[in-house]
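**Q**
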Amino acid sequence: AKTVSKCYVQVTGMTCASCVANIERNLRREDGIHSILVALMAGKAEVRYNPAVIHPSAIAELIRELGFGATVMENCGEGDGILELVVRGMTCASCVHKIESTLMKTDGVLYCSVALATNKAHIKYDPEIIGPRDVIQVIKDLGFTTSLVKKDRSASHLDHKQEIRQWKRSFVVSLVFCIPVMGLMIYMMVMDSQLSDAHAHRNMSSEEMETLHSSMVLEYQLLPGLSVMNFLSFLLCVPVQIFGGWHFYIQAYRALKHRTANMDVLIVLATSIAFVYSFVILLVAMAEKAKVNPVTFFDTPPMLFVFISLGRWLEHVAKGKTSEALARLISLQATEATIVTLGPDNVLLSEEQVDVELVQRGDVVKVIPGGKFPVDGRVIEGHSMVDESLITGEAMPVTKKPGNTVIAGSINQNGSLLISATHVGADTTLSQIVKLVEEAQTSKAPIQQFADKLSGYFVPAIVAVSVVTLFAWIIIGFVDFEIVEKYFLGYNKSISAAEVIIRFAFQASITVLCIACPCSLGLA
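Heads up: the sequence shown runs through residues 1 to 524, numbered per UniProt numbering.
#1: Can you give the Cα-Cα distance for residue 605 and residue 438, rounded to whole angstroms?
#2: Between the stretch 406-417 and the stretch 370-389, do at least 3 Cβ pairs fall closer than 8 Å?
#3: Contact between the stretch 244-254 and the stretch 162-175 is defined here as three or more beta-carbon pairs at a separation below 8 Å; is this criterion met?
#4: Helix or strand or just coil, what does DSSP make of residue 423?
#5: Contact check, residue 407 vs residue 379 under 8 Å by CB: the rounded distance?
#6: Suppose you measure from the CA of residue 332 to the CA of residue 429; what does that come to, to the nearest Å?
#7: Rounded to whole angstroms, how far is the Cβ of residue 175 from the Cβ of residue 317, which I believe are closer than 8 Å?
#8: Taking residue 416 as the reference, which of 141, 427, 369, 403 has the closest Cα?
#9: Residue 319 and residue 160 look like a contact to me (Cβ under 8 Å); what is the Cβ gap, rounded to whole Å?
#10: For the alpha helix (DSSP H) that residue 238 lies in, which residues bound it at each end?
#11: Return the chain-ordered list of same chain residues with a C-beta closer than 7 Å to the C-beta of residue 107, the five sequence neighbours on each side being excluded.
#12: On the three-state DSSP scale, how would you describe residue 264?
#13: With DSSP collapsed to three states, give me the class of residue 525.
#14: On a CA-only basis, which of 238, 424, 32, 252 is nearest residue 39? Give me that one, please.
#15: Find out if the Cβ-Cβ distance for the pair residue 309, residue 297 is shorter than 8 Å.
#16: Let me make sure I understand the geometry here. Which of 31, 9, 54, 503 has the alpha-carbon closest to that of residue 484?
#17: Give the secondary structure of residue 106 by DSSP, where H, G and I count as helix, E and B as strand, and everything else as coil.
#18: Within the continuous beta strand (DSSP E) that includes residue 525, where are the two ends?
#19: For the stretch 373-401, which segments carrying the alpha helix (DSSP H) assignment without a break, of at least 4 residues, lie completely within its bounds, in sequence order?
#20: Distance, Cα to Cα, residue 178 vs residue 8?
#21: Looking only at C-alpha atoms, which of 17, 20, 51 sits nearest to residue 5?
#22: Contact between the stretch 81-89 and the stretch 132-140 is defined here as three or more beta-carbon pairs at a separation below 8 Å; is this criterion met?
#23: Are any of the Cβ atoms in chain C nearer than 8 Å to that of residue 116?
#24: For residue 116, count the other beta carbons within 10 Å of its own beta carbon; 16 or more makes it buried, fewer makes it exposed. Which is it?
#25: Looking at the unbroken alpha helix (DSSP H) that takes in residue 322, where does it start and where does it end?
#26: Is residue 178 helix, strand or coil when you go by DSSP?
#27: Can you name, in chain order, every residue of its own chain whose Cβ lies under 8 Å from the Cβ of residue 26, other than the five neighbours on each side?
#28: How would you label residue 14, buried or exposed, when you count the other beta carbons within 10 angstroms and need 16 or more for buried?
#29: Compare the C-alpha of residue 351 against each of 337, 357, 344 and name the closest.
#30: Rounded to whole angstroms, how far is the Cβ of residue 148 from the Cβ of residue 99, which I believe are closer than 8 Å?
#31: Using alpha carbons as the reference points, say which of 477, 125, 462 lies closest to residue 105.
#32: Do you know whose CA, among 223, 255, 358, lies nearest residue 375's CA?
#33: Got a sec, what are the start and stop residues for the alpha helix (DSSP H) residue 135 sits in?
#34: Should residue 264 go down as buried or exposed, given a rule of 16 or more other Cβ atoms within 10 Å for buried?
#35: Got a sec? Which residues, its chain only, sit under 6 Å from residue 367 by beta carbon, not counting five neighbours each side?
#36: Label residue 18 either buried or exposed according to how many other C-beta atoms from any shown protein chain fall within 10 Å of its C-beta, with 16 as the threshold for buried.
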């Protein structure tokens with residue numbers, strides 16, 4: 001008997017079914033190649049060849065000559081089938097042992113483990129030699145009942161409705177409170193610029209400056225040290241911090257628990273510090289009954305939350321669109337298949353209905369008019385028109401005659417067909433598309449991974465910088481007090497120099513934190 005080896009070749013550059021047919025047709029002619037199966041979506045070819053005549057690298061070279069990219073895949077473990085079964089009727093450890101030892105003796109079973117507690121069996125097998133139905137039969141012969149673990153076909157894990165709702169809510173809350181804060185801020189800027197213009201044109205006495213300042217409604221002090229502006233900003237900021245930032249806080253807490261710093265930690269750090277600092281500054285100003293209103297950062301958190309929650313909301317909406325399409329795709333899969341046994345001259349001997357997951361490669365499946373193709377296969381007998389629009393988008397039905405390939409999920413129209421299964425289970429075109437979309441959804445965009453990695457270094461770095469700022473200013477202040485005096489406007493002459501220095505240093509370091517943390521990286 002000739003020895004037959006099997007290899008997998010990764011093929012790139014295939015665009016449609018005719019590419020597949022082209023590769024299969026040309027390679028079948030070659031010496032030493034027994035059979036070849038090409039899966040378009042997975043982009044891989046499974047070749048069975050005679051190692052005495054031809055090598056995998058030569059096979060890849062043949063595919064390359066046809067104008068496709070081809071590399072030999074090293075790990076051939078991909079070809080193993082995996083089966084999850086529920087086994088009933090096991091009573092003790094010896095039952096488990098009995099099933100395991102019998103299965104391991106069975107030709108084609110590579111690995112098997114049975115758990116008594118959960119009644120589950122996990123089996124790896126070589127689909128070339130044995131199939132799921134044979135395995136189930138072996139277990140049944142031992143006197144146990146067994147069935148497939150039911151898979152959830154609804155793709156509910158890809159549902160983004162809840163996240164969409166949650167981010168939309170958080171965006172709307174932030175936006176509602178952000179607009180007034182922005183309005184106040186812009187008003188203040190305009191008034192400030194008018195002030196500085198007035199100041200530049202005439203050297204006003206400080207009394208005149210005071211009158212201009214106090215004429216602004218927003219600077220009017222409700223309580224000593226508490227201006228209308230700051231009070232309003234504070235009121236608008238609280239709900240955003242609580243409702244808008246709720247999810248960020250949860251995420252950040254989880255990240256810190258695992259000792260990592262991600263985007264959420266950055267956002268939380270920045271907004272909380274801005275908020276707490278501004279709040280404390282207000283309290284201090286009120287306690288001191290300060291004449292000049294302190295500079296607060298109440299505008300930072302709402303604006304930051306607006307941008308970020310908008311971003312997250314849009315991201316989930318986009319993901320939700322894909323998963324909706326995906327759920328529709330998954331629902332196109334047939335759930336049952338009619339397997340037939342053929343006698344000589346393709347005479348039908350018997351047929352049985354089985355679960356789609358139990359169809360094995362090489363099975364002959366009968367598809368009646370109006371039925372769905374349960375697996376990818378090749379027509380053996382019969383002529384029909386098939387609607388393949390779910391994959392190709394082509395509205396016209398395609399003629400199928402013996403030798404043509406058919407795609408799982410497409411709909412048989414007028415004739416009855418017998419097909420031989422070539423790709424089953426997770427290898428069908430439909431499953432591959434579903435898998436690709438799922439992978440695309442679960443993997444992060446490269447830039448996002450980069451941002452997360454950066455923020456891992458960025459957060460500690462910024463915190464370090466602000467601490468350095470704090471100490472630097474304290475040292476500068478105690479060495480040369482005039483510099484601090486020059487920059488720190490409107491402090492009461494009544495408070496001690498040390499307190500002024502400490503307060504100025506804190507203000508400087510907090511400013512570093514507030515401005516550096518969120519903006520660049522977070523919003524980007």
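Quick reminder that beta carbons are idealized off the backbone N, C-alpha and C, glycines included. If you're wondering where the values come from, they're calculated on a predicted model, not measured in any experiment.
**A** Working from what's here:
#1: Nothing can be reported for residue 605: it is not among the residues displayed for the chain, which extend from 1 to 524.
#2: yes
#3: yes
#4: DSSP places residue 423 in strand when its eight states are reduced to three.
#5: The pair is not a contact, with the Cβ atoms about 12 Å apart (cut-off 8 Å).
#6: 12 Å
#7: That pair is no contact at about 16 Å.
#8: 369
#9: 5 Å
#10: 228-239
#11: 129, 130
#12: helix
#13: With the chain represented from 1 up to 524, any question about residue 525 goes unanswered, as that position is not in the structure.
#14: 424
#15: no
#16: 503
#17: Coil, per DSSP.
#18: No statement about residue 525 is possible, as the shown extent of the chain runs from 1 to 524 and does not include it.
#19: 389-392
#20: Rounded to whole angstroms, residue 178 to residue 8 spans 57 Å at the Cα level.
#21: 51
#22: yes
#23: Annotation note: the requested chain C is absent from the structure, which comprises a single protein chain.
#24: exposed
#25: 300-331
#26: helix
#27: 62, 66
#28: buried
#29: 337
#30: Actually they do not touch by this definition, with Cβ atoms about 16 Å apart.
#31: 125
#32: 358
#33: 132-141
#34: buried
#35: 373, 412, 417, listed in sequence order.
#36: exposed
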